[in-house]
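S.K.:
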Amino acid sequence: MYGVWTPEQVRAAEEPVLARTPDGALMRRAARGVAQVALGELERRTGGVSGRRVVVLAGAGNNGGDGLWAGYELRRRGVAVTAVLLSPDRAHPAGLAALRRQKGRVLLRVESGVLAIERADLVLDAVVGTGARGGLRPEAAALADAAATAGVPVLAVDTPSGVDPLTGVPGEDSVQAAATVTFGARKPVHVLAAPRCGPVTLVDIGIGPELPPPPVRVLEAADVGARWPVPGPGDDKYTQGVVGVAAGSATYPGAAVLASGAAALSTSGMVRYAGSAADEVRAAWPEIVATDTVGEAGRVQAWVVGPGLGTDDAGARTLGDVLDAGLPVLADADAVTLLGTHAELRERARNAPVLITPHAGEFARVAELTDDRVASAQRAAADLGVTVLLKGNATIVAAPDGRTLVHPAGSAWLATAGSGDVLSGVAGALLAAGLDPWWAGGCAAFVHARAADIGAGAADGPGSPVPASFVQQALPRAIREVREAVR
Numbered sequence: 120m121y122g123v124w125t126p127e128q129v130r131a132a133e134e135p136v137l138a139r140t141p142d143g144a145l146m147r148r149a150a151r152g153v154a155q156v157a158l159g160e161l162e163r164r165t166g167g168v169s170g171r172r173v174v175v176l177a178g179a180g181n182n183g184g185d186g187l188w189a190g191y192e193l194r195r196r197g198v199a200v201t202a203v204l205l206s207p208d209r210a211h212p213a214g215l216a217a218l219r220r221q222k223g224r225v226l227l228r229v230e231s232g233v234l235a236i237e238r239a240d241l242v243l244d245a246v247v248g249t250g251a252r253g254g255l256r257p258e259a260a261a262l263a264d265a266a267a268t269a270g271v272p273v274l275a276v277d278t279p280s281g282v283d284p285l286t287g288v289p290g291e292d293s294v295q296a297a298a299t300v301t302f303g304a305r306k307p308v309h310v311l312a313a314p315r316c317g318p319v320t321l322v323d324i325g326i327g328p329e330l331p332p333p334p335v336r337v338l339e340a341a342d343v344g345a346r347w348p349v350p351g352p353g354d355d356k357y358t359q360g361v362v363g364v365a366a367g368s369a370t371y372p373g374a375a376v377l378a379s380g381a382a383a384l385s386t387s388g389m390v391r392y393a394g395s396a397a398d399e400v401r402a403a404w405p406e407i408v409a410t411d412t413v414g415e416a417g418r419v420q421a422w423v424v425g426p427g428l429g430t431d432d433a434g435a436r437t438l439g440d441v442l443d444a445g446l447p448v449l450a451d452a453d454a455v456t457l458l459g460t461h462a463e464l465r466e467r468a469r470n471a472p473v474l475i476t477p478h479a480g481e482f483a484r485v486a487e488l489t490d491d492r493v494a495s496a497q498r499a500a501a502d503l504g505v506t507v508l509l510k511g512n513a514t515i516v517a518a519p520d521g522r523t524l525v526h527p528a529g530s531a532w533l534a535t536a537g538s539g540d541v542l543s544g545v546a547g548a549l550l551a552a553g554l555d556p557w558w559a560g561g562c563a564a565f566v567h568a569r570a571a572d573i574g575a576g577a578a579d580g581p582g583s584p585v586p587a588s589f590v591q592q593a594l595p596r597a598i599r600e601v602r603e604a605v606r
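Just so you know, we're using the working numbering here: the sequence shown kicks off at 120 and counts up by one.
1. Exposed or buried, which one is valine 349 when buried takes at least 16 other CB atoms within 10 Å?
2. What separation, rounded to the nearest whole angstrom, lies between the Cα atoms of glutamate 291 and histidine 526?
3. Rounding to the nearest angstrom, what Cα-Cα distance links asparagine 181 and arginine 220 in this structure?
4. CB-CB under 7 Å to valine 156, same chain, minus the five flanking residues each way: which ones, in chain order?
5. What are the boundary residues of the beta strand (DSSP E) that includes histidine 526?
6. When the Cα of aspartate 443 is compared with those of Leu458, Asn470, His211 and Gly425, which residue comes out closest?
7. Taking only runs that begin and end inside the stretch 473-544, name each unbroken beta strand (DSSP E) of 3 or more residues, in chain order.
8. Measuring alpha carbon to alpha carbon, tell me which of Gly327, Pro333, Leu330 and Gln295 ends up nearest proline 318.
9. Run through DSSP, which three-state label would tryptophan 558 get?
10. For glycine 445, which residues in the same chain have their Cβ closer than 8 Å to its Cβ, ignoring the five residues on either side in sequence?
11. Here's the rule: buried if 16 or more other CB atoms are within 10 angstroms of the residue's CB, otherwise exposed. What is serine 387?
12. Under 6 Å Cβ to Cβ from glycine 253, same chain only, skipping five residues before and after it: list those, please.
13. Expressed to the nearest angstrom, what Euclidean distance is found between the alpha-carbon atoms of valine 400 and serine 588?
14. Would DSSP call tyrosine 371 helix, strand or coil?
15. What residues in its chain sit with their C-beta under 6 Å from that of alanine 604, if we drop five residues either side in the sequence?
16. So the beta strand (DSSP E) tyrosine 631 belongs to, where does it begin and stop?
17. On the DSSP bridge assignment, give the partners of leucine 321 in chain order.
18. Roughly how many angstroms separate the alpha carbons of valine 242 and alanine 312, rounded to a whole number?
19. At the level of alpha carbons, what is the spacing between alanine 570 and proline 447?
20. Quick check on tyrosine 392: buried or exposed, where buried means 16 or more other Cβ atoms within 10 Å of its Cβ?
21. Just verifying my parser: in three-state terms, what is the DSSP assignment at leucine 330?
22. Can you grab the Cα-Cα spacing for the pair alanine 452 / glycine 425, in whole Å?
23. If you count every other CB in all the chains shown that lies within 10 Å of the CB of methionine 146, and 16 or more means buried, which is it?
24. Would you list, in sequence order, the uninterrupted alpha helix (DSSP H) runs of no fewer than 4 residues that lie entirely inside the stretch 200-266?
25. Can you list the alpha helix (DSSP H) stretches of 4 or more residues lying completely in the stretch 135-182, in chain order?
26. Any idea if methionine 389 is buried or exposed, counting beta-carbon neighbours within 10 angstroms, 16 or more meaning buried?
27. Just the C-alpha distance for leucine 176 and valine 233, rounded to the nearest angstrom, thanks.
28. Give me the DSSP bridge partner(s) of arginine 336.
29. Measuring CA to CA, which of Trp347, Trp557 and Leu377 is closest to valine 505?
30. Since leucine 474 contacts glycine 560 with CB under 8 Å, what's their CB separation in whole angstroms?
31. Taking threonine 358 as part of the beta strand (DSSP E), name the residues at either end of that continuous run.
32. In angstroms with no decimal places, state the Cα-to-Cα distance between histidine 461 and alanine 450.
33. What is the DSSP secondary structure of valine 400, counted as helix, strand or coil?
34. With respect to the beta strand (DSSP E) encompassing alanine 409, which residues constitute its N-terminal and C-terminal limits?
35. Leaving out five residues before and five after leucine 285 in sequence, what residues of the same chain have Cβ atoms less than 6 Å from its Cβ?
36. Per DSSP, what are the beta-bridge partners of tryptophan 422 in this structure?
Here you go:
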């Protein structure tokens with residue numbers, strides 16, 4: 120598990136370190152880290168370093184200074200460096216002087232910069248840092264567009280310029296980085312806009328002891344594997360966790376099959392299905408005990424409710440029955456809509472450990488969704504008194520007590536019909552095994568995303584659309600992989 124800090128928290132942590140170190144020492148340390156990553160990119164992409172061409176897009180202030188000093192370090196290794204100054208009168212003086220001492224080329228015109236980019240092997244994006252907001256200005260946008268058009272990879276310095284560092288929302292014009300180097304700590308943009316950043320390298324500049332506890336955390340495979348329920352020699356089907364699934368309908372029987380099957384594949388001791396799709400569930404999963412109603416289901420330790428359930432009076436009664444049982448509840452899809460339209464159901468949800476798993480449209484039915492998705496999820500969790508898993512390319516899990524996880528998915532394969540039903544079954548199985556809703560949501564999101572990657576490869580090779588059933592079938596392998604990460 121690693122932490123993510125806001126830009127303001129990182130800047131506050133830098134202040135005492137800056138006060139006790141020589142002037143410019145932190146910038147030089149950061150620049151050396153950028154140069155090392157740039158050298159690695161050149162070697163990997165071109166097979167060498169000496170004589171390769173790098174263009175530095177240098178904005179005003181310290182971010183531009185990082186780029187100029189990185190250019191200085193690259194010149195010392197025999198790289199041909201050209202710096203394009205976007206604000207010549209505000210360029211970092213020491214960094215610019217150092218680059219010129221090493222015979223680096225300096226350009227003041229955007230048109231000349233475009234020509235240099237077209238012949239470059241790598242571009243360093245040092246236009247703006249984490250204090251900036253909004254998209255790129257026209258001159259910087261023209262240079263970023265030139266790199267994209269020419270197919271020249273961009274290494275972002277701290278953050279891809281034009282992408283909001285706090286929310287990860289790209290401006291109208293922004294940089295698409297092939298990789299990013301950041302300093303001291305990861306910032307929200309690195310997990311909320313992971314595809315815009317590419318692989319992120321963290322350079323230690325000595326501020327770690329000054330940082331407060333991270334407001335956001337990111338799980339890694341070993342964290343998930345260590346908490347995944349594994350039966351021991353004394354376990355039986357009840358001690359492993361029995362999950363009830365109230366989902367599906369005559370119109371949407373597939374939701375019941377996907378959610379119930381995912382629960383069965385996620386190391387549940389037993390799955391009990393309750394609903395009108397009982398025949399379809401039995402046909403697909405003979406090991407699942409299927410009945411027509413929640414009252415007939417028997418003993419369970421957690422409920423999954425909502426996928427394909429319907430939002431009519433019958434759906435509302437089913438959700439109410441599940442909530443009144445006082446057991447952990449995973450509420451998804453139609454159950455979220457019902458919570459949004461029935462105040463009494465929202466009140467009843469406060470009396471049980473509840474995890475809701477809305478996508479953006481469903482979330483808007485229960486709370487306000489802004490560009491700051493992390494803050495939106497945190498507010499909703501506190502206001503509703505439930506744990507919120509807000510789906511998206513970056514999935515956010517926020518508990519009522521403020522604990523927050525982000526899972527930066529590496530692909531968009533989960534944007535398919537039925538994939539949310541699979542996630543519901545996985546999370547429900549973890550709730551039944553005793554994980555608290557925050558951990559259940561985070562671990563389920565991690566394994567679900569890994570199963571999507573596996574399923575995408577199985578569909579027709581990497582890069583192919585992946586149906587939800589392939590994600591479901593890949594769950595055992597994904598679980599095995601996170602368990603192996605613990606060893």
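For each residue, glycine too, the CB sits at the ideal point set by N, CA and C.
M.R.: Walking through what the data contain:
1. exposed
2. C-alpha separation (whole angstroms): 25 Å.
3. Between the alpha carbons of asparagine 181 and arginine 220 lies a distance of about 19 Å.
4. Leu274, Ala298, Val300 and Thr320
5. 523-527
6. Asn470
7. 473-475, 506-509, 513-517 and 523-527
8. Gln295
9. The answer is helix: DSSP assigns tryptophan 558 an H, G or I state.
10. For glycine 445, same chain residues with a beta-carbon under 8 Å away, outside a window of 5 residues either side, are Asn470 and Ala471 in chain order.
11. buried
12. Gly290
13. Within the model, the alpha-carbon separation for valine 400 versus serine 588 is close to 14 Å.
14. coil
15. Ala340, Ala341 and Gly344
16. This structure cannot speak to residue 631, because the chain is shown only from 120 to 606.
17. Thr301
18. Straight-line measurement puts the Cα of alanine 312 at about 20 Å from the Cα of valine 242.
19. 24 Å
20. By the 16-neighbour rule on beta-carbons within 10 angstroms, tyrosine 392 is buried.
21. coil
22. 5 Å
23. buried
24. 212-220 and 229-237
25. 144-165
26. buried
27. 11 Å
28. Gly122 and Leu524
29. Out of Trp347, Trp557 and Leu377, the CA that lies nearest to the CA of valine 505 is found in Trp557.
30. 5 Å
31. Neither: threonine 358 is in no beta strand (DSSP E) and is coded neither H nor E.
32. 14 Å
33. helix
34. That run of the beta strand (DSSP E) goes 408-410.
35. Pro307
36. Gly363 and Val448
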